Structures are given as C-alpha cells and as structure tokens.
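Worksheet for the structure shown next.
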Amino acid sequence: MSKNLYTLCAILAACIRCAVRGDTCGPRGRCDLSRGCPDGWKGFQRPYGRMCLKTFTGLVRAGATGCSNYNATLGSMQNDDEKRFVIDDILSQVTVSSGLVWLGINRQPMCYTSTSNADLCAPSARDAFYWTDGSARGWDMFDWHDSAPQLNNCAMMFVSNTSVQVDDGTSGVWYPGQMTDKGCDTINASGALKTIGYVCAKIPNLYSRT
C-alpha cells in the first residue's frame with residue numbers, strides 16, 4: 016500500500032469515528048470538538064469529556080467574573096493547545112500586549128490557614144492547588160513564575176506573545192503562560208501585570224448544533 020493511500024485510509028477511518036459521535040470531520044480527520052459550544056467558544060478534549068473555553072476581558076476580582084452568566088465557571092487548562100488558545104483569544108480583545116487573567120485554580124481548603132500540613136501545604140507543594148472546574152487532570156499546566164506560589168488562594172496566568180521584563184524589584188522576567196497565585200480580591204490596575212480578564216469553561220451541549 017502506497018504512503019498516500021495509507022494516509023487517505025487513516026483519514027477516512029478517523030472521519031468515520033467522528034461521524035459515529037455526531038461530529039463533523041475537519042482537516043486530516045480531526046473531529047470538530049467545538050460542536051455544542053456557544054459561538055465564539057472553542058471545544059477541547061479532556062480526559063473525561065469535552066470542555067468549551069472562552070476568555071472575557073475585564074478589570075475584575077476572581078469572585079466577580081461573568082462566567083456564571085453563561086452557565087460556566089472559571090476555567091482550567093489541560094495542555095499547551097488550550098494555553099495557546101487562551102493567550103491568543105484574550106490578546107485579540109485588548110489593546111495591551113500583556114497582562115494577567117484569572118484561571119479556575121484554588122488553594123486546597125485544608126491549606127488556607129492551617130499549619131498542620133506543612134509539607135502538603137508549603138508554597139511550592141504540588142498538591143496545594145487544584146483545578147476548580149473538575150475537568151482538567153494533573154499538574155502539567157501549573158507553570159509557576161519564579162516568584163510564586165506564595166500563600167494566596169487564587170491564581171492568574173500571564174498572557175503575552177513574548178517574555179517581559181517586569182521591573183518591580185521582585186518579579187524579573189515573565190514568560191507567556193506562567194502562573195502566579197493571588198489573593199482572590201486582587202486587582203492590578205496597570206503595568207505589564209495588569210488584570211485584563213478571565214477564562215470561562217462550560218460543558219458543551221452535544222444535543223445542539225449551535
């Protein structure tokens with residue numbers, strides 16, 4: 016079997032799998048994962064199902080985002096494709112070249128104020144934080160900046176297309192996708208680390224074609 020014929024058969028088989036699930040087949044046999052997501056949202060495959068993501072702009076606190084207006088919650092990230100989408104989507108809506116967006120990350124409740132779990136709840140402990148929307152798994156996307164995490168209960172991600180030197184005496188260089196923990200009421204009103212928005216996530220309506 017020639018290489019081209021083998022590739023064609025593989026794409027056809029992938030498209031058949033898409034059709035069985037009710038999806039349309041995109042380039043090279045990739046299923047349309049955005050089926051059931053609202054207009055402007057993008058679908059991604061998570062370990063236990065799909066999730067629709069969308070970014071929104073706003074100088075807001077973590078608890079004052081508009082995700083609930085869309086029957087959504089603050090969103091998590093599973094992989095680099097999702098991270099890239101979040102960065103591109105938010106930057107396409109603002110005039111600044113960098114900033115911070117709220118993600119659905121919280122410190123574990125047992126780590127809020129107690130000192131009894133010193134090892135588990137240390138600032139750099141992997142298990143001290145969790146994804147709040149319940150769909151992402153693992154810690155691969157917990158890419159903390161050198162100055163983080165500290166002992167705050169919420170978290171934000173730095174969005175930019177380039178690294179940025181922040182001359183505030185403590186931060187240094189920030190790279191796209193790095194995270195920092197913040198108090199949930201934090202608002203940065205200016206600078207390269209300005210609060211510029213948030214990420215929402217919701218389960219797609221797979222019975223809808225919208």
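In our numbering, the protein residues as written are 16 to 225. The C-beta atom is built at its ideal place from N, Cα and C for all residues, glycine as well. Keep in mind the model is a prediction, meaning the values are calculated, not measured.
Buried/exposed call for residue i, threshold 16 Cβ in 10 Å
i	result
N121	buried
A216	buried
V179	buried
A207	buried
Q125	With the sequence shown as reference, residue 125 is identified as Met, and Gln is not the correct amino acid for it. So M125 counts as exposed.
W117	buried
Y127	exposed
W56	buried
A79	exposed
T110	exposed
V188	exposed
G153	exposed
P219	buried
A204	exposed
P62	exposed
V35	Its pLDDT being 43, under 50, V35 is placed unreliably in this model, and the value from its coordinates should be taken loosely. With fewer than 16 other Cβ atoms within 10 Å, it is exposed.
S186	buried
G119	buried
S107	exposed
D148	buried
Q165	exposed
Residue(s) in a DSSP beta bridge with residue i
i	result
V174	G114
W146	I120
R61	G64
L89	C215
Nearest neighbour of residue i, chosen from the options [CA to CA]
i	options	result
N176	Y190, G55, Q165, A143	Y190
K197	A163, A79, G212	A163
G212	Q165, N220, I202, I218	I202
M156	F59, L74, Q93, D200	Q93
Y145	I105, G90, N84, D104	G90
N86	A140, L166, C52	C52
Simplified DSSP assignment, three categories, for residue i
i	result
R122	strand
L68	strand
G78	helix
L135	coil
R141	helix
V101	helix
N84	helix
D95	helix
Please list the segments of the beta strand (DSSP E) lying wholly inside the stretch 150 to 221, counting only runs of 3 or more residues, in order along the chain. DSSP runs (the beta strand (DSSP E)) wholly in the stretch 150 to 221: 169 to 175, 179 to 181, 187 to 189, 194 to 197, 210 to 217.
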